[in-house]
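Chains A and B are the protein sequences, given in the same order. Using the numbering used here, you'd call the opening residue of the first sequence number 81 and step up by one each time. Using the numbering used here, you'd call the opening residue of the second sequence number 3 and step up by one each time.
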Amino acid sequence: SQTIHQWPATLVQPVGSPLSLECTVEGTSNPNLYWYRQAAGRGLQLLFYSVGIGQISSEVPQNLSASRPQDRQFILSSKKLLLSDSGFYLCAWRTSGQGFYPGYGYTFGSGTRLTVV
Amino acid sequence: AQSVAQPEDQVNVAEGNPLTVKCTYSVSGNPYLFWYVQYPNRGLQFLLKYITGDNLVKGSYGFEAEFNKSQTSFHLKKPSALVSDSALYFCAVRDGGATNKLIFGTGTLLAVQP
Numbered sequence: 081s082q083t084i085h086q087w088p089a090t091l092v093q094p095v096g097s098p099l100s101l102e103c104t105v106e107g108t109s110n111p112n113l114y115w116y117r118q119a120a121g122r123g124l125q126l127l128f129y130s131v132g133i134g135q136i137s138s139e140v141p142q143n144l145s146a147s148r149p150q151d152r153q154f155i156l157s158s159k160k161l162l163l164s165d166s167g168f169y170l171c172a173w174r175t176s177g178q179g180f181y182p183g184y185g186y187t188f189g190s191g192t193r194l195t196v197v
Numbered sequence: 003a004q005s006v007a008q009p010e011d012q013v014n015v016a017e018g019n020p021l022t023v024k025c026t027y028s029v030s031g032n033p034y035l036f037w038y039v040q041y042p043n044r045g046l047q048f049l050l051k052y053i054t055g056d057n058l059v060k061g062s063y064g065f066e067a068e069f070n071k072s073q074t075s076f077h078l079k080k081p082s083a084l085v086s087d088s089a090l091y092f093c094a095v096r097d098g099g100a101t102n103k104l105i106f107g108t109g110t111l112l113a114v115q116p
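Structure follows, in structure tokens:
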């Protein structure tokens, strides 16, 4: 079956510390992968997307970076966290099942709540 | 550019009454439209989608949505609200091209009173 895993669920980090959030998917190959951030419990902003290994595109300039070292692994990182990096981070992948239209969709991980103190 | 608008920050409804959460869209070409629900500190759960076919789409947990091309709307509906439906609801549209990313509305908080 196709599933997505995201960890850790919660994280409290001091300002200036590094960050690594991981997302992995199962049951598919060469998925389109996305990192979103949700600030203040509402708006969802796309941070990065990847269409393949080593292919990363950034949507907005920021203190974060992303990498895709393996086909089904997507990592969000920072060398030095800022207070403004606090938020709820969601990984997602674009699914395609049997038949283009029935299978087309986006599945989200359970999220990571990051608090920078 | 593709966009979606959710004009209501919050919708209040009594349990057992019908509910509607509004969404309008602006896209070039045929829209791929989605509704998601989010419970506190949880990820997004898929409710339903419209890509092609019947304008009335039925989804999870008794929700449905009607695609209206002339009004560029995709309102979420449920005939009888439950207290457990209280959550944050997001409408989204696919942005085609290289990214195929989802563009989200600002979300509508649904509060169902017992």
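Built from N, CA and C at the ideal position, the CB exists for glycine as well. Here the structure is a predicted model, which is why all the values come from computation and not from measurement.
Using the rule of at least 16 other Cβ atoms within 10 Å of the residue's Cβ for burial, across every protein chain shown, is residue i buried or exposed?
{"i": "G55(B)", "result": "exposed"}
{"i": "Y91(B)", "result": "buried"}
{"i": "L162(A)", "result": "exposed"}
{"i": "D11(B)", "result": "exposed"}
{"i": "P98(A)", "result": "exposed"}
{"i": "A146(A)", "result": "buried"}
{"i": "V197(A)", "result": "exposed"}
{"i": "K2(B)", "result": "Shown here, chain B extends from 3 to 116; a query on residue 2(B) therefore has no answer."}
{"i": "P33(B)", "result": "buried"}
{"i": "V59(B)", "result": "buried"}
{"i": "T195(A)", "result": "exposed"}
{"i": "K71(B)", "result": "exposed"}
Across which residues does DSSP place residue i in a beta bridge pair?
{"i": "Q93(A)", "result": "V196(A)"}
{"i": "C93(B)", "result": "W37(B)"}
{"i": "S28(B)", "result": "S5(B)"}
{"i": "N14(B)", "result": "A113(B)"}
{"i": "V59(B)", "result": "A67(B)"}
{"i": "E102(A)", "result": "W87(A), I155(A)"}
{"i": "L49(B)", "result": "Note: L49(B) sits in no beta bridge, so no partner."}
{"i": "Q150(A)", "result": "Q153(A)"}
{"i": "I105(B)", "result": "V95(B)"}
{"i": "L78(B)", "result": "V23(B), A67(B)"}
{"i": "S130(A)", "result": "L113(A)"}
Does the beta carbon of residue i come closer than 7 Å to any beta carbon on chain B?
{"i": "L124(A)", "result": "yes"}
{"i": "Y169(A)", "result": "no"}
{"i": "S190(A)", "result": "yes"}
{"i": "N112(A)", "result": "yes"}
{"i": "R152(A)", "result": "no"}
{"i": "R117(A)", "result": "no"}
{"i": "R38(A)", "result": "Here chain A covers residues 81 to 197 and nothing more, so residue 38(A) does not appear."}
Spatial neighbours of residue i within its chain, please: C-beta separation below 8 Å, excluding the five flanking residues on both sides.
{"i": "C103(A)", "result": "I84, H85, Q86, L113, W115, Q153, F154, I155, L156, C171, G189"}
{"i": "P81(B)", "result": "P20, G64"}
{"i": "G31(B)", "result": "G98"}
{"i": "Q118(B)", "result": "This structure cannot settle anything about residue 118(B), because the visible part of chain B is limited to 3 through 116."}
{"i": "Q178(A)", "result": "The predicted model places Q178(A) with a pLDDT of 48, which falls under 50 and marks its position as unreliable, so this point remains unresolved."}
By Cβ distance, which residues of its chain are closer than 6 Å to residue i, with the 5 residues on each side in sequence left out?
{"i": "S28(B)", "result": "S5"}
{"i": "P9(B)", "result": "K24"}
{"i": "V105(A)", "result": "I84, P111, R152, W173"}
{"i": "N14(B)", "result": "A113"}
{"i": "S138(A)", "result": "F128"}
{"i": "F106(B)", "result": "F92, A94"}
{"i": "V131(A)", "result": "N112"}
{"i": "S75(B)", "result": "T26"}
Counting only beta-carbon separations shorter than 7 Å, does residue i have a partner in chain A?
{"i": "K79(B)", "result": "no"}
{"i": "G98(B)", "result": "no"}
{"i": "L46(B)", "result": "yes"}
{"i": "F69(B)", "result": "no"}
{"i": "K103(B)", "result": "yes"}
{"i": "T108(B)", "result": "yes"}
Please work out which residues of its chain come closer than 7 Å, Cβ to Cβ, to residue i, disregarding the five sequence neighbours upstream and downstream, and give them in chain order.
{"i": "A89(B)", "result": "V39, Q40, Y41, L112"}
{"i": "I136(A)", "result": "F128, S130, A146, S147, R148"}
{"i": "I53(B)", "result": "Y34"}
{"i": "K159(A)", "result": "P98"}
> With contact counted as at least three CB pairs below 8 Å, one residue from each stretch, are the stretch 85-93 of chain A and the stretch 135-152 of chain A in contact?
Replying inline: With the cut-off at 8 Å, the stretch 85-93 of chain A and the stretch 135-152 of chain A do not touch.
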